[in-house]
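Enquirer:
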């Protein structure tokens with residue numbers, strides 16, 4: 034299945050794994066790339082440039098296929114220096130792809146271009162997608178309201194954002210939010226995307242480091258078992274509906290400050306939850322496509338099944354045309 038994205042990123046299938054903090058480690062990332070997709074390391078997992086470089090090298094020991102690094106550019110004291118170190122690691126280690134999110138990566142573009150690194154910027158709206166194109170991004174990931182993590186403030190679904198982005202931009206569009214199977218992939222391609230990014234679906238695999246309790250919860254969950262939090266602090270996040278998420282909503286309703294909320298939802302808390310299988314102790318990013326997940330399989334089997342079933346769907350559509 035060749036698209037502009039498979040050609041740009043030198044991958045076999047137009048399936049990209051979302052960077053998930055604490056989980057997107059070498060073994061997991063290499064499994065995606067070895068299966069023909071694009072695995073992505075989450076730089077935020079690593080406190081220093083040195084540790085990120087070590088993880089990049091570990092990944093290379095496990096795959097000879099392309100993979101990428103996600104760098105989230107955050108506001109705040111010291112955050113830009115940390116981002117600079119992460120970009121240095123990507124360039125020095127000749128990583129093919131960097132996926133950025135958060136603040137604009139504009140100041141890093143010249144060095145990335147010079148090093149031949151492909152830049153994909155992840156955005157939740159058309160206006161940010163246009164900005165990404167204008168600063169030199171090679172492609173954009175546009176995520177809709179359905180996605181786990183941060184869907185932006187506009188509450189627009191992938192069904193609308195994807196074709197709008199394809200109509201508006203000249204660079205390839207990758208669609209995120211709601212994708213978990215072959216039907217989603219074919220739908221995204223029909224809407225004008227050149228590929229899909231999946232996070233929640235990859236969480237529910239045998240290769241993922243998350244505790245089995247999370248995966249068991251996912252195959253029982255419905256599409257209504259997620260909730261949007263952090264709207265009051267202009268940082269909307271879709272997470273699994275649990276005790277902590279309900280607590281955050283209560284805090285927001287009474288006007289809690291960002292500092293108060295961050296004490297409850299800090300990433301360190303999330304790491305402990307993943308390891309210990311604590312389903313209520315923190316906020317866990319989760320997309321609405323959790324309602325489409327019925328089993329736990331290996332990453333290899335997951336991607337193979339998606340591509341095989343995609344061919345069946347394409348054949349069915351050809352028969353409809355006749």
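Residue numbers (the working numbering): 34 to 355.
Note that the Cβ used here is the ideal one computed from N, Cα and C, for glycine as well.
Counting pairs of beta carbons, one from the segment 303–316 and one from the segment 241–251, are three or more of them closer than 8 Å?
Expert: The segment 303–316 is in contact with the segment 241–251.
Enquirer: Measure how close the beta-carbons of residue 50 and residue 69 come, nearest whole angstrom, since I'm counting them as under 8 Å.
Expert: The sequence position of residue 50 within the chain shown is 17, counting from 1. The sequence position of residue 69 within the chain shown is 36, counting from 1. Not really, about 11 Å apart at Cβ, beyond 8 Å.
Enquirer: Cutting at 7 Å between CB atoms, please list the residues of its own chain near residue 37, excluding the five before and the five after it.
Expert: Indexing the chain shown from 1 puts residue 37 at position 4. Once the five neighbours on either side are set aside, the close Cβ partners of residue 37 are 205, 227.
Enquirer: By a C-beta neighbour count over all protein chains shown, 10 Å radius and 16 as the cutoff for buried, is residue 283 buried or exposed?
Expert: For the purposes of this step, residue 283 is identified with residue 250 of the chain shown, where counting begins at 1. Counting Cβ neighbours within 10 Å, residue 283 comes out exposed, since fewer than 16 surround it.
Enquirer: I'd like the span of the alpha helix (DSSP H) that includes residue 121, first residue to last.
Expert: One-based indexing of the chain shown puts residue 121 at position 88. Residues 112–125.
Enquirer: Could you tell me the distance, in whole angstroms, from the CA atom of residue 261 to the CA atom of residue 45?
Expert: One-based indexing of the chain shown puts residue 261 at position 228. One-based indexing of the chain shown puts residue 45 at position 12. Whole-angstrom Cα-Cα distance: 34 Å.
Enquirer: What's the gap between the Cα of residue 159 and the Cα of residue 198?
Expert: Taking the chain shown and counting its residues from 1, one reaches residue 159 at position 126. Taking the chain shown and counting its residues from 1, one reaches residue 198 at position 165. Cα to Cα, the separation comes out at about 6 Å.
Enquirer: What residues in its chain sit with their C-beta under 6 Å from that of residue 177, if we drop five residues either side in the sequence?
Expert: Position 144 of the chain shown, counted from the first residue, corresponds to residue 177. So the list reads 190, 191, 194, 210, once near-sequence residues are dropped.
Enquirer: Would you mind giving the Cβ-Cβ distance between residue 232 and residue 182, rounded to the nearest angstrom? I have them listed as a contact below 8 Å.
Expert: Counting from one through the chain shown, the residue named residue 232 turns up at place 199. Counting from one through the chain shown, the residue named residue 182 turns up at place 149. Correct: roughly 7 Å between the Cβ atoms.
Enquirer: Can you say whether residue 350 is buried or exposed, counting buried as having 16 or more other CB atoms within 10 angstroms of its CB?
Expert: Counting from one through the chain shown, the residue named residue 350 turns up at place 317. By the 10 Å Cβ count, residue 350 comes out exposed.
Enquirer: Can you look up residue 406 in the DSSP assignment and give me helix, strand or coil?
Expert: What the structure shows of the chain is the stretch from 34 to 355, and residue 406 is not part of that stretch, so it cannot be assessed.
Enquirer: Assuming contact is defined by CB atoms lying nearer than 8 Å, are residue 297 and residue 277 in contact in what I supplied?
Expert: For the purposes of this step, residue 297 is identified with residue 264 of the chain shown, where counting begins at 1. For the purposes of this step, residue 277 is identified with residue 244 of the chain shown, where counting begins at 1. Cβ distance < 8 Å, so residue 297 and residue 277 count as in contact.
Enquirer: Any idea which residues DSSP pairs residue 103 with across the strands?
Expert: In the chain shown, counting from the first residue as 1, residue 103 sits at position 70. 75, 132, per the DSSP bridge assignment.
Enquirer: Between the alpha carbons of residue 348 and residue 56, how many angstroms are there, rounded?
Expert: Residue 348 sits at position 315 when you count from the first residue of the chain shown. Residue 56 sits at position 23 when you count from the first residue of the chain shown. Computed Cα separation, rounded: 36 Å.
Enquirer: I believe residue 252 touches residue 332 by the beta-carbon criterion, under 8 Å. Please report the beta-carbon distance rounded to the nearest angstrom.
Expert: Within the chain shown, numbered from 1, the residue matching residue 252 stands at position 219. Within the chain shown, numbered from 1, the residue matching residue 332 stands at position 299. No, residue 252 and residue 332 are not in contact; Cβ-Cβ is about 16 Å, not under 8 Å.
Enquirer: Just to confirm the assignment, what range does the beta strand (DSSP E) spanning residue 1 have?
Expert: For the chain, the structure presents residues 34 to 355; residue 1 sits outside this window and is missing.
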